[in-house]
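In what follows, a single structure is set out as structure tokens and then discussed.
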Amino acid sequence: MNVAIIGGSGRAGREISAELARRGHQVTAISRHPENAVAADGVTAVAGDVNHPAALVDAIRGHDAVVSAVMFSDTDPVSLVGVVRASGVPRYLVVGGAGSLEVAPGVPLITTPEFPQVYKAEAGRGADFLTYLRGVDDIDWTFLSPSALFFVGDRKGSFRLGKDQLLVDADGNSSISYADYAIALVDEIENPQHSKARFTVGY
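Pasting the structure below:
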């Protein structure tokens, strides 16, 4: 497949690029700093910016899927969805956040006292992005939320999937490495199971 990644030089974008390339797919890694993209066979780094939607449409047109792996504070869902819609790319996947996952029925993680204040603005924007996507019915979108701790770590290849509830292990921890998150996302690209839905991944 040919997959475009908006934010291809970030931590999530790099791991997703590497996982796609590992499986033999062609990747267009789009970012403001293309020099930081993964150097691997099948990965082409391209300069691009979410603030220049017309150029972004041209950069992603003709791909089988596009992944948005940029900070929510740097994006506008109306603009990004408009870019995907204008490009004609049939599949849109978003690297989501954990803040909107529920820790109890109707209780999002972001509303709990333990949620770090420093991440609240970004998490709130992520929740708003998901809310907007849930009203979009003319694009085949998927929003993949990581667990609470999203960290640079080993590629284990073993994890659990969930839907709208925060995944927690037997010790009460909620975590996933970028590398294992990338496996779950690429699995979804190759074998779609969550069309127009959010799901989550964790240990």
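So the sequence shown is numbered by the numbering used here: it starts at 8 and just counts up by one. Positions of the beta carbon are idealized from the N, C-alpha and C atoms, including for glycine. No experiment lies behind these values; they were computed from the predicted model shown.
{"Check": "For residue 150, does the count of other Cβ atoms within 10 angstroms reach 16, so buried, or fall short, so exposed?", "Outcome": "buried"}
{"Check": "With three or more beta-carbon pairs closer than 8 Å as the criterion, would you say the region 169-180 touches the region 196-210?", "Outcome": "yes"}
{"Check": "Indicate whether the contact test is met: 3 or more Cβ pairs, each with one atom in the region 128-142 and one in the region 180-200, closer than 8 Å.", "Outcome": "no"}
{"Check": "Kindly list the residues whose CB is nearer than 7 Å to the CB of residue 161, restricted to its own chain and excluding five residues on each side of it in sequence; keep chain order.", "Outcome": "184 and 186"}
{"Check": "Looking only at C-alpha atoms, which of 44, 181, 116 and 16 sits nearest to residue 107?", "Outcome": "116"}
{"Check": "Given residue 85, which residues of its chain have a CB within under 8 Å of its CB, disregarding the five upstream and five downstream residues?", "Outcome": "139"}
{"Check": "Which of the three DSSP states is assigned to residue 121 in this structure?", "Outcome": "coil"}
{"Check": "Is the region 123-135 touching the region 85-95 in the sense that three or more CB pairs, one from each, lie closer than 8 Å?", "Outcome": "no"}
{"Check": "Could you tell me the distance, in whole angstroms, from the CA atom of residue 39 to the CA atom of residue 57?", "Outcome": "9 Å"}
{"Check": "Taking Cβ positions, are residue 2 and residue 11 nearer each other than 9 Å?", "Outcome": "Because the chain is modelled from 8 through 210, residue 2 falls outside the range shown and cannot be assessed."}
{"Check": "Please return the same chain residues whose Cβ sits closer than 8 Å to the Cβ of residue 49, not counting the five positions on each side in sequence.", "Outcome": "27, 28, 31, 32, 33 and 34"}
{"Check": "Just to confirm the assignment, what range does the beta strand (DSSP E) spanning residue 150 have?", "Outcome": "147-152"}
{"Check": "Using 9 Å as the threshold, is the C-beta distance between residue 133 and residue 79 below it?", "Outcome": "yes"}
{"Check": "Closer than 6 Å by C-beta to residue 169: which residues in its own chain qualify, once you throw out the five before and the five after it? Chain order, please.", "Outcome": "207"}
{"Check": "Residue 137 and residue 113: beta carbons closer than 9 Å?", "Outcome": "no"}
{"Check": "From the DSSP output, read off the bridge partner residues of residue 115.", "Outcome": "109"}
{"Check": "Sort 131, 96, 76 and 54 by Cα distance to residue 68 and report the nearest one.", "Outcome": "96"}
{"Check": "The alpha helix (DSSP H) that contains residue 192, what's its start and end?", "Outcome": "185-197"}
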